[in-house]
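Before any comments, here is the structure.
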Amino acid sequence: MPGIRGPSEYSQEPPRDPCLKVNAKEPFNAEPPRSALVSSYVTPVHLFYKRNHGPIPIVDHIENYSVAVTGLIDNPKMLFIKDIRSLPKYNVTATLQCAGNRRTAMSKVRNVRGVGWDVSAIGNAVWGGAKLADVLELLGIPKLTGFTTLGGSHVEFVSVDRCKEENGGPYKASIPLSQATNPDADVLLAYEMNGEVLTCHHHQRILNRDHGFPLRVVVPGVIGARSVKWLDSINLLAEECQEITKKEKVKEEKIKWNCIQAWIKEITKKEKVKEEKIKWNCIQAWIKVDSAANVQPENVESVWNLRGVLNTSWHRVLLRLGHSNL
Ligand SMILES: Nc1nc2c(c(=O)[nH]1)N[C@H]1C(S)=C(S)[C@@H](COP(=O)(O)O)O[C@H]1N2
Ligand SMILES: [Mo]
10 MPGIRGPSEY SQEPPRDPCL KVNAKEPFNA EPPRSALVSS YVTPVHLFYK
60 RNHGPIPIVD HIENYSVAVT GLIDNPKMLF IKDIRSLPKY NVTATLQCAG
110 NRRTAMSKVR NVRGVGWDVS AIGNAVWGGA KLADVLELLG IPKLTGFTTL
160 GGSHVEFVSV DRCKEENGGP YKASIPLSQA TNPDADVLLA YEMNGEVLTC
210 HHHQRILNRD HGFPLRVVVP GVIGARSVKW LDSINLLAEE CQEITKKEKV
260 KEEKIKWNCI QAWIKEITKK EKVKEEKIKW NCIQAWIKVD SAANVQPENV
310 ESVWNLRGVL NTSWHRVLLR LGHSNL
């Protein structure tokens, strides 16, 4: 693990914003107040939810930091930050959401296992980095490939953090090679978040250890679990990796990757928010469809599961109206 290591205890955690609501201290899991999600289109880094399975890794020597690319690939290679930075840089605005978001609401139906999240384990960021499709091309795997010559069909991302749920082993997750090599899927090896630099360098401003410093994966459109932080190695596998979420048999949830707030605004504009008057000066509002007319389940009871994931039921919000003509 050149240049980066995963500590086994929590004495070297980064500082965090005191307004975050802490759902678990060690490992650190916290979400912002609800207002943070709608007060700006892009969620500020310090307010972005933090979802960890172990202590935050430590970078000792950024110049030694490298990512090993191994497995079912003809030419295994070490990639340095400079190799990744030499590729074209893309900024992708994408929403990350934890599969456990809104778990607390689910636990009200019946007990569930896992960190209790309110509604803010979701955030919208501008991720800057190289496209994984370009990185893999550099290593001899062409764009839009389903199988390597050695039979690799899944790309596994391995971190260095030591996770309780993995018995002290690293966090890992995989995606299909066809997705990884598709430039339109926008899978990134990201070194920036909201223009702040995840990479440690003397003239650079912010070290963002909570969100994957110095390099993380961002997989737009699927549950946050795929977006592995503190990337240590990339392995080409013949099968999907046995990762935390796979064991839990979590179904992938498609989410919009460019916007929370704009989406809400648009819905309001098109008056697709159904409103129900429940008190003189309150309305209850909720969102239940997307632009493709996919309808969310009406009640949390119908989506309850033991792990408390993927609570996609209508999120009802009570709005206080003050003086209004309603
Ligand atoms: N190495 C590593 N990557 C990880 C995790 C982790 O614990 N360790 N958590 C995953 C989960 S479950 C989510 S929802 C997202 C959260 O990313 P964030 O903490 O930057 O919001 O990171 C994913 N990547
Ligand atoms: Mo997650």
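Just so we're aligned: the sequence shown equals residues 10 to 335 in the working numbering. Think of the CB as a built atom: it goes at the ideal place given N, C-alpha and C, for glycine as much as any other residue.
Please go through the same chain and pick out, in chain order, the residues whose beta-carbon is closer than 7 Å to the beta-carbon of Lys255, but skip the five residues on each side of it.
Because Lys255 sits at a pLDDT of 43, beneath the cut-off of 50, its placement in the model cannot be relied upon, and the following sentence gives the value as read from the coordinates. Closer than 7 Å at the Cβ level, and outside the excluded window around Lys255, lie Glu249.
Considering only residues of the region 179-252, which uninterrupted alpha helix (DSSP H) runs meet the minimum length of 4 residues and lie entirely inside it, listed in chain order?
Whole alpha helix (DSSP H) segments, 4+ residues: 186-189.
Is the distance from the Cβ of Ser129 to the Cβ of Arg43 below 8 Å?
Yes, the Cβ-Cβ distance between Ser129 and Arg43 is below 8 Å.
Given 7 Å as the limit, tell me if Phe156 has its C-beta closer than that to any heavy atom belonging to ligand 1.
No, since every heavy atom of ligand 1 falls outside the 7 Å radius drawn around the Cβ of Phe156.
Per DSSP, which one or two residues make a beta bridge with Asn314?
In DSSP, Asn314 forms no bridge with anything.
Should Glu35 go down as buried or exposed, given a rule of 16 or more other Cβ atoms within 10 Å for buried?
Exposed, because fewer than 16 other Cβ atoms sit within 10 Å of the Cβ of Glu35.
So what does Asn38 bridge to, in DSSP terms?
Asn38 pairs with Ala33, Arg60.
Figure out for me which residue from Val167, Arg94, Val312, Lys152 has the closest Cα to the Cα of Gly137.
When each option's Cα is compared against that of Gly137, the closest is Arg94.
Would you say the beta carbon of Ile232 is closer than 7 Å to some non-hydrogen atom of ligand 2?
Yes, the beta carbon of Ile232 sits closer than 7 Å to at least one heavy atom of ligand 2.
Give me the Cβ distance between Gly15 and Lys173, rounded to the nearest whole Å; I'm assuming they're in contact under 8 Å.
Contact flag wrong, Cβ pair sits at about 12 Å.
Roughly how many angstroms separate the alpha carbons of Asn84 and Pro53, rounded to a whole number?
The straight-line gap from Cα to Cα measures roughly 39 Å.
Go through its chain and collect everything with a Cβ distance to Pro66's Cβ below 6 Å, but skip five positions before and after it.
Contacts found: Ile13, Gly15, Val169, Asp170, Trp239.
Using CA atoms only, rank isn't needed, just tell me which of Ile71, Met202, Asn320, Leu186 is closest to Thr104.
The residue with the shortest Cα to Cα distance from Thr104 is Met202.
To the nearest angstrom, how far is the alpha carbon of Cys28 from that of Ala45?
Roughly 10 Å separates the two Cα atoms.
Could you check how far apart the C-beta atoms of Asp219 and Lys30 are, in whole angstroms? I think they sit under 8 Å.
About 15 Å; that fails the 8 Å criterion.
Would the region 76-92 count as touching the region 116-134 if we require 3 or more Cβ pairs under 8 Å?
Short answer: they don't touch.
I need the straight-line Cα distance from Arg111 to Thr158, nearest angstrom please.
Roughly 42 Å between the two C-alpha positions.
With a threshold of 7 Å on Cβ separation, who are the neighbours of Pro23 within its own chain once the five nearest residues in sequence on each side are excluded?
Here the set comprises Ile65, Arg218, Asp219.
Indicate the three-state DSSP secondary structure (helix, strand or coil) for Ala77 in the structure shown.
Three-state DSSP puts Ala77 in a strand.
Any idea which residues DSSP pairs Thr102 with across the strands?
According to DSSP, Thr102 bridges with Val135.
Classify Cys28 as helix, strand or coil using the three-state DSSP reduction.
In the structure shown, Cys28 sits in coil (DSSP, three-state: anything other than H, G, I, E or B).
Any heavy atom of ligand 2 closer than 7 Å to the Cβ of Arg60?
Answer for Arg60: yes, Cβ within range of ligand 2.
Beta-carbon separation of Glu146 and Ile243 under 8 Å?
Contact: no.
Can you say whether Asp195 is buried or exposed, counting buried as having 16 or more other CB atoms within 10 angstroms of its CB?
That one is buried.
Starting from Leu153 and walking both ways along the alpha helix (DSSP H), at which residues does that stretch end?
Segment: none, Leu153 is in no alpha helix (DSSP H) and carries neither H nor E.
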